[in-house]
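Numbering (the UniProt record's numbering), first residue to last: 1 to 352. Reviewing the structure listed below.
Right under this line is the structure:
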């Protein structure tokens with residue numbers, strides 16, 4: 001259906017936007033304004049049923065955007081990060097990345113497509129010629145801008161097309177939630193993970209070099225042995241994260257050389273177990289002075305006295321090394337009697 005098939009009285013009224021254009025060339029104005037071509041009315045301008053169809057199409061696109069945003073959030077929460085799928089012809093890709101890209105792309109695309117379809121079929125498409133004006137707007141110009149804005153809002157039918165308005169607001173409200181959900185990847189959730197390690201009552205102390213449980217006879221006086229919790233394997237996916245909190249130094253002292261009362265109570269026959277992780281910036285402590293019972297961090301030379309509760313005697317570390325309470329089980333193996341009573345590693349105190 002074209003505008004020629006519609007009675008003249010049903011067509012929207014044309015507006016004169018000439019604004020003093022020159023229609024005849026002369027010496028003063030050698031170039032005549034050819035003017036604008038005749039305006040062709042769209043089917044939506046003259047048929048309310050067609051306008052309703054366009055309105056429903058725009059609302060469908062905005063609704064699809066909302067559903068895609070919800071799908072984005074659901075994918076982020078439910079799909080494991082290590083899951084992969086086969087997508088022809090790309091091959092095997094991350095299922096999470098594929099789902100996030102597809103849903104977020106759909107959410108953004110349908111908002112744009114809905115806005116374009118709305119502008120092309122329902123908003124006014126009459127071309128308006130306007131004269132140039134000085135940069136400093138006069139009160140008349142400002143009044144005209146306000147009037148044009150009100151006219152544009154009226155012509156957009158945003159007040160009358162409530163279905164489009166409501167679904168558009170819904171889509172624009174939900175899309176930013178995608179960015180909010182992505183904040184989840186900025187760091188760990190505020191739980192108590194930093195306060196706990198794999199050590200627990202009954203966990204055997206396993207020699208990190210031999211992967212064998214330790215007996216008291218395996219630890220000689222003056223020796224330094226490194227241990228990890230029973231059940232932790234190097235090929236485990238989370239091995240690095242767990243060993244960074246659970247690595248132990250095992251040192252055997254003469255009981256009479258232990259100055260700290262709690263350290264003596266938590267030891268077994270002079271065998272003491274301390275966190276291997278320096279409380280300064282988390283370097284692994286590996287240097288032991290047999291005569292002084294001092295351990296030295298190789299990174300910044302923080303020094304701890306293992307005969308006196310592993311207190312700091314030199315360097316930038318601000319806290320003593322946490323001690324693990326140990327004992328011997330019925331089979332004669334060294335075991336933990338609890339987890340560390342205080343958090344291990346650096347910067348915890350600053351993070352709270």
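We put the beta carbon where it would ideally sit given N, CA and C, even for glycine. Owing to the predicted nature of the structure, the values given are computational and were not obtained by experimental measurement.
Per DSSP, what kind of secondary structure is residue i in: helix, strand or coil?
i	result
residue 344	coil
residue 222	coil
residue 289	strand
residue 135	coil
residue 197	coil
residue 227	strand
residue 81	coil
residue 33	coil
residue 90	coil
residue 335	strand
residue 232	coil
residue 241	helix
residue 423	Here the chain has residues from 1 to 352 only, and residue 423 is not among them.
residue 279	coil
residue 59	helix
residue 20	Caution applies to residue 20, whose pLDDT of 48 falls short of 50 and renders its modelled position unreliable; the value that the coordinates give is listed next. Residue 20: coil per DSSP, three-state reduction.
residue 309	coil
residue 43	helix
When you compare only the Cα positions, how much space is there between residue i and residue j?
i	j	result
residue 151	residue 157	10 Å
residue 48	residue 160	13 Å
residue 268	residue 208	20 Å
residue 166	residue 153	15 Å
residue 15	residue 93	Summary for residue 15: the model assigns pLDDT 47, below 50, so the residue's position carries little reliability; its value from the coordinates is reported in the next sentence. One C-alpha to the other measures close to 57 Å.
residue 174	residue 124	28 Å
residue 162	residue 32	44 Å
residue 262	residue 321	13 Å
residue 337	residue 180	42 Å
residue 289	residue 223	10 Å
residue 26	residue 34	14 Å
residue 260	residue 191	32 Å
residue 304	residue 221	18 Å
Could you tell me which of the options sits nearest to residue i, measuring between CA atoms?
i	options	result
residue 182	76, 345, 274 and 239	76
residue 195	341, 42, 173 and 38	341
residue 88	111, 254, 272 and 98	98
residue 201	335, 31 and 57	335
residue 59	131, 253, 128 and 171	171
residue 78	193, 85 and 96	96
residue 292	254, 329 and 261	254
residue 270	278, 252, 276 and 280	252
residue 197	281, 46, 41 and 339	339
Mind checking which residues open and close the alpha helix (DSSP H) that includes residue i?
i	result
residue 104	95 to 121
residue 146	139 to 155
residue 174	162 to 174
Taking Cβ positions, are residue i and residue j nearer each other than 7 Å?
i	j	result
residue 54	residue 108	no
residue 318	residue 300	no
residue 203	residue 230	yes
residue 258	residue 307	yes
residue 210	residue 219	no
residue 297	residue 285	yes
residue 103	residue 71	yes
residue 344	residue 275	yes
residue 184	residue 332	no
If I follow the unbroken beta strand (DSSP E) through residue i, where does it start and stop?
i	result
residue 210	From DSSP, residue 210 is part of no beta strand (DSSP E); its letter is neither H nor E.
residue 86	84 to 87
residue 252	248 to 252
residue 262	Careful: residue 262 lies outside any beta strand (DSSP E), inside the alpha helix (DSSP H) at 261 to 265.
Would the C-beta of residue i count as close to the ligand FAD, meaning under 6 Å from any of its heavy atoms?
i	result
residue 346	The ligand content of the structure shown is nil, which means the ligand FAD is not present either.
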